[in-house]
Each structure stands twice: as structure tokens, then as C-alpha cells.
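*Asks:* Just dropping this structure here.
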Amino acid sequence: MKGVTVSPTVRRPFQFAALKRTDDDDYLDRPLNLKALATIRIQVYRAGTHTTQFVTMVFIAGRFKPITLRRLGKQEVSKRHSKAIKTEPYTRSDTTPWVSFEFRYRPAAILQAEGIMPKPRVSDDESQCNGESDEEIGAEDKAELLALEAEQAALDVRKAALKAKFGKLDIKREPSTFLEIRDP
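The sequence shown begins at 1 in full-length UniProt numbering and counts up by one.
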């Protein structure tokens, strides 16, 4: 959407306030405010409005005709549900922000220490390996471990037998469409 359609042949472009840019060299010469370090502040100020009468046009019987709320049947509905609100007129002397938002960046470790951000979950493998020695493993665990090792040995024998029977199979492999990136 590039603007507001005023008539069937005219479109008025959106117009925004000028953007204040910063020259990096000049910005670095300013004194550093350590209290505002890693802070993003957004302030919204009141502004005056300029209203334009918008005319919605429709193509009827070979020409454009304006559509009114009465023709659409919305006039009575909009009057019934409308509610008056209290407003203050805009003055140029009003220089205080109407609303302010402040976003502060803090490292994840600090947020976790303050209880704002949850700590990372410890995986089951890490929790089992935390200081347990072979002496602490019970007799049932040793028996289960021996059974799993025997099952693994049986599977290895079966795998070797299948390789001997079928040999090397030619399998068509296509390159993956995904790029896998791993940490070193």
C-alpha cells in the first residue's frame, strides 16, 4: 500500500516525520551515560492531526459514484454503538512524552540469577554422570548392563552375517537440501 486513495485517479502518498540520523564520529564524542548503557528508550509524543474527508467511490452504471454510510446501512449501527470519549486538545507547548517504553538488555546469566529467565535444563545423561562411580551402581543395574551388552553383541553378529550374504549394496544417494552446521 503506497498511500491513501483520495479519488478514483488520485492517490496521496503517506508522509511521515523526518528521521533523525546519527553521524557515528559525532556520536562517539558525547559523554558516556553508564546508567543508560544497553538501554533502548522509545518515547511517544502527542501530535496534531489533519483530517481529510475520504470519499469511497464505486463504479455503478458506467461511472463512479460516492458511497455514503446511509447507502451501506451502517449509519444507524455506528450511531447506536458509538461512545463519547474525553479528549484534550493538542498544544505545541506540550513537550512531555505521552508514554515511554524502556527496554534494558542484560546478559542471560544475570537474568537467570535473578529468576527472570529459566535456567537451561540438565539432560538425563549429564545428571547420571555427575560423580557416580561403578561402586554406586546397584546389582540390578549391572545385570541390565550385561544383558544390553549381550544383545548388542548378538546384533553385531547378525549385521556381519547380513553383510556377508548381500555384500555391498549400491544405494543411490542424493545430496541433502539442508546445510548442517555444527559447533567445533
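For every residue, glycine included, the Cβ atom is placed at its ideal position computed from N, Cα and C.
Note down the Cα distance separating PHE166 from ALA160, rounded to an integer number of angstroms.
*Replies:* 10 Å
*Asks:* What are the boundary residues of the beta strand (DSSP E) that VAL44 is part of?
*Replies:* 39-44 is the span of the beta strand (DSSP E), which, as asked, contains VAL44.
*Asks:* Taking the Cβ atom as the reference point for each residue, do GLN15 and SER100 lie within a distance shorter than 8 Å?
*Replies:* no
*Asks:* I'd like the span of the beta strand (DSSP E) that includes PHE103, first residue to last.
*Replies:* 99-104
*Asks:* Can you give the Cα-Cα distance for ALA109 and ARG121, rounded to whole angstroms?
*Replies:* Roughly 14 Å between the two C-alpha positions.
*Asks:* Which of helix, strand or coil does DSSP assign to MET158?
*Replies:* Looking at the sequence itself, residue 158 is Arg, so the reference to Met does not match. Helix at ARG158.
*Asks:* Measure the alpha-carbon distance for ARG12 versus ILE40 and round it to whole angstroms.
*Replies:* 33 Å
*Asks:* On the DSSP bridge list, what partners appear for PRO13?
*Replies:* GLY3
*Asks:* I'd like to know whether the C-beta atoms of TYR90 and ALA38 end up nearer to each other than 8 Å.
*Replies:* Against a cut-off of 8 Å, the Cβ pair of ALA38 and TYR90 comes out as no contact.
*Asks:* Is DSSP giving ASP94 helix, strand or coil here?
*Replies:* coil
*Asks:* What number of angstroms, rounded off, separates the C-alpha of PHE162 from the C-alpha of LEU148?
*Replies:* Position check: residue 162 holds Leu in this sequence, whereas Phe was assumed. One C-alpha to the other measures close to 21 Å.
*Asks:* Could you pull out every residue in the same chain whose Cβ sits closer than 8 Å to the Cβ of ALA47, ignoring the five residues on either side in sequence?
*Replies:* In its chain, beyond the 5 residues on either side, TYR90 have a beta carbon closer than 8 Å to the beta carbon of ALA47.
*Asks:* GLY138 to LEU146, Cα distance in whole Å?
*Replies:* 13 Å
*Asks:* So, with DSSP's three-state summary, where would you put GLU88?
*Replies:* coil
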